[in-house]
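Some notes on the structure that comes next.
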């Protein structure tokens, strides 16, 4: 009997899986939060604020924690970033606010744990205070949003605050975008993505329609005719392929599909290889690798074609992978997937090094084979322009072109988040959505004034 | 190795650290533990007449600040609530077993001579080294015309002190209340009455805080609160000033002072000595951390004295007094300017906003190569020190004294309408 790759669900018990996919970084107690808040210098014109894409007044919300003004603290966060709860969990704070904390220059570099404090305040609000904002009186204006990820939700909430009616469409059944389908489960444990969506939608005036696909069920031009404005927050629906022999073998899959699968179903039913190889150097690669381990894979190897300093995953993420038992191999470029008796057996890599000009060079003669039952590809996601075919929306460098207001080349159609240029961060998407909402609101207001 | 021994109006102790008359010195058990821990002396918690007073349950309130507990403490406890005979027997027992330590007994009886005449021989018989007259307790006892009610009337201070001096051979220390306008008045009255020394400060009348759920001042007793006596680190500045006022007063210059008020470290102790104290009384710090704190106090004081070349406590006592002057004697020509050590600066902006919002707009906020940069505008700086105080980094902002061209005090200043003409 031909031996297929060893891929199976249920490698661990329910109890083990529950533990492995519980909160990776448990919240601070209130007493811990107050001690941490008291450490904050309450800087003036604080560098941390500048480092936050959404510009949260960080010293102010931290001071409010110190004085036990929890509702005030949460409000300061949420008025800049309505997804402050998920950003507190998924933001790479080590390269954002916490990297700029002035404490880094003293006390052996112990920045204030801003992310954990933000989580403390927003958790308090969701548990005790509910939705803190109210809608302005209805304006009668209607806005369509395509994509219910962080950018779309942030845009919807801000538009609702201004009294506009919002309709959000998403190709998935549930709202949340990457928070629901793309981020590692232990970062947003206990169904946080849906709880946050519910919290956000509680402002009212926002409708959600799932399983609606742009280009299939609707067009931008059609939406533009039906609504007073449109916001596109469609993210990156495409994935890059390796472009090598054997990519269609069973057991070779995209890391985003693997993660989406395990976010959407019971962990007990998710098949995972005994030996897993993840190709890539970003957060998706790390999330896939660690979750493969936590599903019970024996050996997980993350292979990246260049050096550690070139990885887009932060050093903190890389260490997280390593402490979770993921082996990280650098300077290795995939050459071909190796089949044995027609089934995936491994993947061959060419060893490389940094050349004299700083670029990576690989020696096609110097290869090694990494045995694998499963290969997860995480070599980048791309914007898929197909649903916009035929629309007068300019695309450049693989992303939708927008002006400083987030407006595309098609009047009244705005875009933000990963489908537009800039850093692919949750917090940047929230900023884009919020700012686009303000621009749409300003345009409505200006039109009324005329 | 510095000699920490003290001889305070004939009362000898191996070091200047005494426990003040307060809850920690209420019983033999506590005091034996204190002496084992190394305290030089104690002032036994105030004795009164029988029947003893009754203390309420819920007695202390704490002032916490930015995560630091008990920077101030207030209490509504009264004097010893144990029978006089119990205290007397315990004092005798302790003094017998610790002859080298100072055992001073705090007293408070009604303001009639018979009451004082009656209690003094009883105390004397214990072998105690001296008495301290509690003219300071600001709550509970003052409503019964004792404690601060006496201490606030110089004539009563003088009268009671005289009664004591006439009726005992023991040295008499008069403990002064800070709840008055001018500390010199009761201090002089004590001297007139024949006091051997004064001790100060007693606690300050205070409401430590309000329970916003009960809507009652804290600490609450069955839903109600009352004012209490305030002590702990936060009162130290008030104590230093009052001690200094007495120490520099020509009439009182030779009156020994036992310093009290927020002493919690050897550095506090050294400051109290410098301002004129020759023994030191401690309470709140011991209540916060236990008697063991005396170890570092004695050790640290000794090390500092060695470093500075002070051989004895007397060498330190009053060292700062000749430089503790009325404002009128300050040199108005002196100028000091803030300087920011740019390498040490962490760019928190606190110096800038403090100066910009609340002082003299003398710290400019700029960007150099995109980095935050804060720079003192020398011409605008009045040398107020605020920036140096708010800076979280030690020695990042230092005050730089400028060259001084002579001396000009307010009495001679041209702006002073009542100036004294300077002879040319």
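Residue numbers (full-length UniProt numbering), protein chains in the order written: chain A, 1 to 450; chain B, 1 to 424.
A virtual CB, placed ideally from N, CA and C, is assigned to each residue, including glycine.
For residue 227 of chain B and residue 93 of chain B, the rounded distance between their alpha carbons: Counting from 1 along the second chain, the entry for residue 93 of chain B is found at position 93. Counting from 1 along the second chain, the entry for residue 227 of chain B is found at position 227. Rounded to the nearest angstrom, the two C-alpha atoms are 36 Å apart.
Scan the region 16-45 of chain A for residues whose Cβ lies nearer than 9 Å to a Cβ of chain B and list them as they occur along the chain. Against chain B - using a Cβ distance shorter than 9 Å - the residues of the region 16-45 of chain A are 34, 35, 37, 38, 39, 41, 42, 43, 44 and 45.
Ignore the nearest five residues each way along the sequence and tell me which others in residue 163 of chain B's own chain have a CB closer than 6 Å to its CB. Start at 1 with the first residue of the second chain, and residue 163 of chain B comes out as number 163. So the qualifying residues of the chain are 113 and 116.
With respect to the alpha helix (DSSP H) encompassing residue 462 of chain A, which residues constitute its N-terminal and C-terminal limits? The displayed coordinates of chain A run from 1 to 450. Any statement about residue 462 of chain A would go beyond what the structure contains.
What's the call for residue 369 of chain A, buried or exposed, on a 16-neighbour Cβ count within 10 Å? One-based indexing of the first chain puts residue 369 of chain A at position 369. Taking every protein chain shown into account, the CB of residue 369 of chain A has fewer than 16 other CB atoms within 10 angstroms, so this residue is exposed.
Starting from the Cα of residue 88 of chain A, find the closest Cα among A:139, A:205 and A:189 and give me that residue. The residue labelled residue 88 of chain A in the question sits at position 88 within the first chain. Nearest option by C-alpha distance: A:189.
Give the DSSP-derived three-state secondary structure of residue 77 of chain A in the structure shown. Reading the first chain from its first residue, position 77 is the one you call residue 77 of chain A. The answer is helix: DSSP assigns residue 77 of chain A an H, G or I state.
Report the start-end ranges of each alpha helix (DSSP H) in the region 272-351 of chain A that is 4 residues or longer and not cut off at the edges. 283-295 and 315-323
From residue 16 of chain B to residue 8 of chain B, what does the alpha carbon distance come to, in whole angstroms? Taking the first residue of the second chain as 1, we reach residue 16 of chain B at position 16. Taking the first residue of the second chain as 1, we reach residue 8 of chain B at position 8. The alpha-carbon atoms of residue 16 of chain B and residue 8 of chain B are separated by roughly 9 Å.
Simplified DSSP assignment, three categories, for residue 135 of chain B: Within the second chain, numbered from 1, the residue matching residue 135 of chain B stands at position 135. Here residue 135 of chain B sits in coil by DSSP.
Exposed or buried, residue 92 of chain A, counting other C-beta atoms within 10 Å across all chains shown (16 or more means buried)? To locate residue 92 of chain A, count along the first chain from 1; it is residue 92. Result: buried.
Closer than 8 Å is the cut-off here; do at least three beta carbon pairs connect the region 280-290 of chain A with the region 209-219 of chain A? no
Name, please, each residue of chain A whose Cβ falls closer than 7 Å to the Cβ of residue 347 of chain B. For the purposes of this step, residue 347 of chain B is taken as the residue at position 347 of the second chain. Chain A residues near residue 347 of chain B: 47 and 102.
Kindly list, in the order they appear in chain A, the residues whose Cβ is closer than 9 Å to that of residue 352 of chain B. In the second chain, counting from the first residue as 1, residue 352 of chain B sits at position 352. 44 and 45, listed in chain order.
Is the CB-CB distance between residue 48 of chain B and residue 88 of chain B below 7 Å? Taking the second chain and counting its residues from 1, the one referred to as residue 48 of chain B is at position 48. Taking the second chain and counting its residues from 1, the one referred to as residue 88 of chain B is at position 88. Taking 7 Å as the Cβ cut-off, residue 48 of chain B and residue 88 of chain B do not qualify as a contacting pair.
Label residue 313 of chain A either buried or exposed according to how many other C-beta atoms from any shown protein chain fall within 10 Å of its C-beta, with 16 as the threshold for buried. Start at 1 with the first residue of the first chain, and residue 313 of chain A comes out as number 313. So residue 313 of chain A counts as buried.
Just to confirm my understanding: we take residue 355 of chain B, look at its own chain, exclude 5 residues before and 5 after, and list those with CB closer than 7 Å. What are they? Against the second chain, residue 355 of chain B aligns to sequence position 355. These residues qualify, in order along the chain: 361, 362, 363, 386 and 387.
Measuring only the C-alpha atoms, how far is residue 402 of chain B from residue 336 of chain B? Taking the first residue of the second chain as position 1, residue 402 of chain B is located at position 402. Taking the first residue of the second chain as position 1, residue 336 of chain B is located at position 336. The straight-line gap from Cα to Cα measures roughly 5 Å.
Any chain A beta carbon closer than 7 Å to residue 370 of chain B: Numbered from 1 along the second chain, position 370 holds the residue referred to as residue 370 of chain B. For residue 370 of chain B, the answer is no, since every Cβ of chain A falls outside 7 Å of its Cβ.
Between which two residues does the beta strand (DSSP E) harbouring residue 257 of chain B extend? On the second chain, position 257 is the one that residue 257 of chain B refers to. 257-260 is the span of the beta strand (DSSP E), which, as asked, contains residue 257 of chain B.
Which chain B residues are close to residue 63 of chain A, counting only those with a beta carbon under 8 Å from its beta carbon? Against the first chain, residue 63 of chain A aligns to sequence position 63. Those do not exist, as residue 63 of chain A stays about 10 Å from chain B at its closest Cβ, beyond 8 Å.
Let me know the beta strand (DSSP E) ranges lying completely inside the region 114-186 of chain B, each 3 residues or longer, listed in chain order. 130-134 and 172-175
So, do the region 118-130 of chain A and the region 67-80 of chain A have three or more beta carbon pairs nearer to each other than 8 Å? At 8 Å Cβ cutoff, the stretches touch.
What residues in the region 373-395 of chain B have a beta carbon less than 8 Å from any beta carbon of chain A? Residues 392 and 393.
Evaluate residue 20 of chain B with the Cβ neighbour count: other Cβ atoms within 10 Å of its Cβ, from every protein chain shown; 16 or more gives buried, anything less gives exposed. Position 20 of the second chain, counting from 1, holds the residue named residue 20 of chain B. It counts as buried.
Check for me: the beta strand (DSSP E) holding residue 39 of chain B runs from which residue to which? As a working mapping, residue 39 of chain B is identified with position 39 in the second chain. Counting along the chain, no beta strand (DSSP E) covers residue 39 of chain B, and no H or E run does either.
Just how far apart, CA to CA, sit residue 286 of chain B and residue 66 of chain A? Taking the first residue of the second chain as position 1, residue 286 of chain B is located at position 286. Taking the first residue of the first chain as position 1, residue 66 of chain A is located at position 66. Those two C-alpha atoms are separated by around 28 Å.
Residues within the region 52-69 of chain B neighbouring chain A, beta-carbon criterion of under 7 Å: 66 and 67
Starting from residue 352 of chain B, trace the alpha helix (DSSP H) both ways and give me its first and last residue. On the second chain, residue 352 of chain B is found 352 positions in, with the first residue counted as 1. 350-358 is the span of the alpha helix (DSSP H), which, as asked, contains residue 352 of chain B.
Given a threshold of 16 other Cβ atoms within 10 Å of its Cβ, counted over all protein chains shown, does residue 405 of chain A qualify as buried or as exposed? Taking the first residue of the first chain as position 1, residue 405 of chain A is located at position 405. With fewer than 16 other Cβ atoms within 10 Å, it is exposed.
Closer than 7 Å by beta-carbon distance: list the chain B residues that pair up with residue 60 of chain A, in chain order. Taking the first chain and counting its residues from 1, one reaches residue 60 of chain A at position 60. Residues of chain B passing the Cβ test: none, with the nearest at roughly 13 Å.
Identify, in the order they occur along the chain, each residue of the same chain with its Cβ nearer than 6 Å to the Cβ of residue 204 of chain A, setting aside the five sequence neighbours on each side. On the first chain, residue 204 of chain A is found 204 positions in, with the first residue counted as 1. Excluding residues within five positions, the ones whose Cβ falls inside 6 Å are 135.
Would residue 177 of chain B and residue 145 of chain B qualify as a contact pair, given that the criterion is a beta-carbon distance under 7 Å? Position 177 of the second chain, counted from the first residue, corresponds to residue 177 of chain B. Position 145 of the second chain, counted from the first residue, corresponds to residue 145 of chain B. No, they are not a contact pair.
Please state whether the Cβ-Cβ distance between residue 159 of chain B and residue 131 of chain B is less than 7 Å. By 1-based counting over the second chain, the position of residue 159 of chain B is 159. By 1-based counting over the second chain, the position of residue 131 of chain B is 131. Going by C-beta atoms, residue 159 of chain B is not nearer than 7 Å to residue 131 of chain B.
Would you identify the three-state DSSP class for residue 45 of chain A, choosing helix, strand or coil? On the first chain, position 45 is the one that residue 45 of chain A refers to. In the structure shown, residue 45 of chain A sits in coil (DSSP, three-state: anything other than H, G, I, E or B).
In the DSSP assignment, what are the bridge partners of residue 96 of chain B? Here residue 96 of chain B corresponds to residue number 96 of the second chain, with the count starting at 1. According to DSSP, residue 96 of chain B bridges with nothing at all.
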